[in-house]
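Residue numbers are given in numbering that gives the first Met the number 0: position 13 of the sequence shown equals residue 12, and the series is strictly consecutive. One structure is given below, encoded as structure tokens.
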Amino acid sequence: MNEHDQKEPDGFNKEAGPSSEELWNEDTYAAWTSRFGTPAEAAEKLRRDPAGKLYPLNTYLGEVKGRTIMNLMGSNGMKAVALGLLGAEVTVADFSEANARYAGELAQAAGVQLDYIVSDVLELPEALLNGSYDVVFAEMGIVHYFTDLAPFMATAYQLLAPGGTFVLRDFHPVTTKLISSKGSTAKVRKHKVSGDYFDTSLEEKQVSYSKYMPSSGAAAAADKPKVVYWRRWTLGELVTAAAASGLVIKELAEEPNLSSEVYDKGIPKTFTLVAVKK
Numbered sequence: 000m001n002e003h004d005q006k007e008p009d010g011f012n013k014e015a016g017p018s019s020e021e022l023w024n025e026d027t028y029a030a031w032t033s034r035f036g037t038p039a040e041a042a043e044k045l046r047r048d049p050a051g052k053l054y055p056l057n058t059y060l061g062e063v064k065g066r067t068i069m070n071l072m073g074s075n076g077m078k079a080v081a082l083g084l085l086g087a088e089v090t091v092a093d094f095s096e097a098n099a100r101y102a103g104e105l106a107q108a109a110g111v112q113l114d115y116i117v118s119d120v121l122e123l124p125e126a127l128l129n130g131s132y133d134v135v136f137a138e139m140g141i142v143h144y145f146t147d148l149a150p151f152m153a154t155a156y157q158l159l160a161p162g163g164t165f166v167l168r169d170f171h172p173v174t175t176k177l178i179s180s181k182g183s184t185a186k187v188r189k190h191k192v193s194g195d196y197f198d199t200s201l202e203e204k205q206v207s208y209s210k211y212m213p214s215s216g217a218a219a220a221a222d223k224p225k226v227v228y229w230r231r232w233t234l235g236e237l238v239t240a241a242a243a244s245g246l247v248i249k250e251l252a253e254e255p256n257l258s259s260e261v262y263d264k265g266i267p268k269t270f271t272l273v274a275v276k277k
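Right, here's the structure in full:
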């Protein structure tokens with residue numbers, strides 16, 4: 000499960016049956032428990048090495064103690080709680096109630112204050128868009144959810160205080176748009192240039208709760224699964240959108256597979272964009 004594949008689309012019918020949204024949220028919460036343990040267990044691990052959980056973001060965030068930080072689409076709160084343990088004042092904005100539940104319990108177990116706003120990040124309360132955050136960041140599996148980057152970058156700009164830093168870390172477009180890979184070990188891993196880097200089409204994806212919908216009958220017709228649309232952006236489009244918002248680009252780091260020195264060797268796997276608000 001992609002940890003950000005939980006956005007409720009426009010037109011979602013919350014009265015379509017109590018099981019759809021509730022089970023979707025329960026499944027998400029259970030997925031984090033399966034992956035990271037209970038919030039109490041995950042909090043214990045975070046307390047031992049909060050900085051380690053932030054790598055390599057901490058390279059770009061710098062000293063966080065006492066700083067106000069907004070984590071856009073912050074999912075289960077792992078990075079936010081790690082930042083809280085290091086002394087930051089952290090807010091998360093994310094659409095999923097289940098993510099908020101896990102993150103809230105995680106923060107409580109870790110003994111840190113966490114503000115969690117359940118909202119579409121493009122529809123945040125106006126009171127938040129007052130330029131009060133020292134840092135705004137988003138990371139890993141974020142940008143493909145936006146079919147227009149301008150509102151997302153504008154939101155980051157509005158959240159930031161003058162002199163504040165925006166950090167975006169995500170999967171590198173060369174990997175997501177151009178290269179297809181097969182094989183689960185370094186020795187048998189094969190890569191093929193099979194994509195179109197300049198493709199601007201949208202990809203239709205079923206929302207993650209669709210597996211809970213009825214498979215037949217009138218209910219199935221009424222509750223036909225909704226879809227979201229992905230747009231895979233080029234690096235140039237991302238940098239241009241950030242600059243067009245008024246942010247000043249400070250650094251664009253292209254990163255290899257940071258978990259292995261031989262796996263996917265020579266291929267950019269992620270990138271980190273750092274910009275500031277003047």
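For glycine and all other residues, C-beta sits at the position ideal for the given N, C-alpha and C. A quick note: this is a predicted structure, and the numbers were derived from the prediction, not measured.
{"Asked": "Measuring only the C-alpha atoms, how far is residue 217 from residue 147?", "Found": "Only weak support is given to the placement of residue 217: the predicted model assigns it a pLDDT of 41, under 50, and the value that follows is read from those uncertain coordinates. Cα to Cα, residue 217 sits roughly 35 angstroms from residue 147."}
{"Asked": "Once you ignore the five residues that flank residue 87 on each side, which residues in its own chain have a CB closer than 7 angstroms to its CB?", "Found": "63, 64, 66 and 68"}
{"Asked": "Should residue 120 and residue 102 be called a contact, given that it needs their Cβ atoms to be closer than 8 angstroms?", "Found": "no"}
{"Asked": "Using the DSSP secondary-structure output, state which residues sit across from residue 192 in a beta bridge.", "Found": "178"}
{"Asked": "Is there a Cβ of chain C sitting closer than 8 angstroms to that of residue 161, yes or no?", "Found": "Here chain C cannot be found, since the structure has a single protein chain."}
{"Asked": "Do you know whose CA, among 229, 177, 168 and 110, lies nearest residue 253's CA?", "Found": "168"}
{"Asked": "What residue range does the alpha helix (DSSP H) around residue 96 cover?", "Found": "96 to 109"}
{"Asked": "Look up residue 35 in the DSSP assignment and say whether it is helix, strand or coil.", "Found": "helix"}
{"Asked": "To the nearest angstrom, how far is the alpha carbon of residue 122 from that of residue 115?", "Found": "14 angstroms"}
{"Asked": "Residue 190 and residue 180 look like a contact to me (Cβ under 8 angstroms); what is the Cβ gap, rounded to whole Å?", "Found": "5 angstroms"}
{"Asked": "Quick one: what does DSSP say residue 270 is sitting in, helix, strand or coil?", "Found": "strand"}
{"Asked": "Should residue 20 be labelled buried (16 or more other beta-carbon atoms within 10 Å of its own) or exposed?", "Found": "Bear in mind that the predicted position of residue 20 carries a pLDDT of just 46, short of 50, making it too unreliable to give a figure here."}
{"Asked": "On the DSSP letters alone, give me the boundaries of the alpha helix (DSSP H) that residue 126 sits inside.", "Found": "Premise fails: residue 126 is in no alpha helix (DSSP H) and is neither H nor E."}
{"Asked": "Quick one: is residue 138 buried, meaning 16 or more other Cβ sit within 10 Å of its Cβ, or exposed?", "Found": "buried"}
{"Asked": "Going by DSSP, which residues form a beta bridge with residue 165?", "Found": "135 and 274"}
{"Asked": "For residue 156, tell me which candidate among 245, 240 and 72 has the shortest Cα-Cα distance.", "Found": "245"}
{"Asked": "Would residue 78 and residue 52 be called neighbours here (beta carbons separated by less than 8 angstroms)?", "Found": "yes"}
{"Asked": "Could you tell me which of 104, 83 and 72 sits nearest to residue 36, measuring between CA atoms?", "Found": "104"}
{"Asked": "I'd like the list of long-range same chain contacts for residue 27, defined as Cβ closer than 7 angstroms, with 5 residues on each side in sequence excluded.", "Found": "5, 95, 97 and 98"}
{"Asked": "Where does residue 259 sit, in a helix, a strand or coil, going by DSSP?", "Found": "coil"}
{"Asked": "For residue 80 and residue 134, what's the separation of their Cα atoms in angstroms?", "Found": "15 angstroms"}
{"Asked": "With distances taken Cα to Cα, identify the nearest neighbour of residue 285 among 235, 182 and 188.", "Found": "Since the first residue shown for the chain is 0 and the last is 277, residue 285 is missing from the structure and cannot be characterised."}
{"Asked": "Need the endpoints of the alpha helix (DSSP H) that residue 236 sits in, please.", "Found": "234 to 243"}
{"Asked": "Classify residue 228 as helix, strand or coil using the three-state DSSP reduction.", "Found": "strand"}
{"Asked": "What span of residues does the beta strand (DSSP E) with residue 146 cover, start to end?", "Found": "Neither: residue 146 is in no beta strand (DSSP E) and is coded neither H nor E."}
{"Asked": "What is the DSSP secondary structure of residue 113, reduced to helix, strand or coil?", "Found": "strand"}
{"Asked": "Check the C-beta distance from residue 145 over to residue 46 and give it rounded, since I have them as a contact under 8 angstroms.", "Found": "The Cβ separation is near 34 angstroms, so there is no contact."}
{"Asked": "Mind checking which residues open and close the alpha helix (DSSP H) that includes residue 58?", "Found": "56 to 60"}
{"Asked": "Would you tell me roughly how many angstroms separate the C-alpha atoms of residue 12 and residue 227, rounded to the nearest one?", "Found": "Low local confidence applies: a pLDDT of 37 at residue 12 is under 50, so the model's placement there is unreliable, with the coordinate-based value given in what follows. Cα-Cα distance, rounded: 15 angstroms."}
{"Asked": "With distances taken Cα to Cα, identify the nearest neighbour of residue 131 among 158, 58 and 258.", "Found": "158"}
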